[in-house]
Amino acid sequence: MSEEEKHLDKVRRSFDAAEDYDEKMSRTCPSHQPLLDAIMRCAKVAAGPARILELGVGTGLLAQELLRAFPKARLVAIDFSPNMIERATKRLSRLKARVELVQGDFYEQAFPSGQALVVSSYAIHHLSDVQKATLFEKVYDCLAEDGVFINGDCVVSRSDRLNELQNQCWLDAMHQREASQQEIDQTIRDYYEYDIPATVDDQLGWLERAGFSEAECMWRNFGSAVIVAIK
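Read in order, the letters of the sequence shown are residues 0 to 230 in numbering that gives the first Met the number 0.
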């Protein structure tokens, strides 16, 4: 097993062990719901997509909103955590005729072709920078002409000083959301152990090299950003 595979296996096990995931996210990742809202607003660019692919479905929050917003769409969602797949299955039970949930590593998994929209939220930052760039090429290849890729994720700034400011703002926001000190300490440990966020500029460069005709950061709140790319 390579170092990258070992890293992702540790990440998967942390998600499998997660309890009360959505509730904890609301306290320790205050930008979570605003980021999902921004993704939904940007998804309108896809003009009523019939085929949607989600990378990292989590508990199914974003998938649920997409299926409600686009009632004719079918969605395939990939996640490497059995725990997350189980939770998403329960949340999406009433929409199951339009959903296919796949347990697997979206970096390794083959993607269905002809997708109108590919989305991801707080998932791709677990990959190394080399893997991110490769994944963006894979996303490009699976999109239909004029297809849209929307990636909402945590990002870093280009300087250490600005990263310190960004992290302090995040810490202040967790306190405002009344996260416990134990939750805050664990979240910070997990961030430094599991997360490999990239700058917005680096991601825009990888998207351009992958072949996307347009790419832009459409929303940002300190260490969270939504990037939209069009094939």
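We put the CB at the ideal spot given by N, CA and C, even for glycine.
Contact between the stretch 80-92 and the stretch 105-113 (3+ Cβ pairs under 8 Å): no
Simplified DSSP state of Phe110, which is helix, strand or coil: coil
Ala42 vs Leu66 beta-carbon contact at 8 Å: no
Cut-off 8 Å between Cβ atoms - residues of its own chain near Ala145, not counting five sequence neighbours on either side: The identity of residue 145 in the sequence shown is Asp, whereas the question assumes Ala. Closer than 8 Å at Cβ, skipping near neighbours: Ile229, Lys230.
Whether Val75 touches Val101 by CB criterion (8 Å): yes
Candidates Asp194, Ala178, Val117, of which the one nearest Val227 by Cα: The residue with the shortest Cα to Cα distance from Val227 is Val117.
Residue interval of the alpha helix (DSSP H) (run including Ser223): Run containing Ser223: none in the alpha helix (DSSP H); it sits in the beta strand (DSSP E), 223-229.
8 Å Cβ cutoff met for Arg50 and Gly113: yes
Validate contact between the stretch 198-216 and the stretch 154-162 using beta carbons, cut 8 Å, 3 pairs: yes
Residues bridged to Cys216 [DSSP beta-bridge criterion]: Ile226
For Ser158, three-class secondary structure by DSSP: coil
Opening and closing residue of the beta strand (DSSP E) in which Glu22 lies: Counting along the chain, Glu22 falls outside any beta strand (DSSP E), though it belongs to the alpha helix (DSSP H) covering 20-27.
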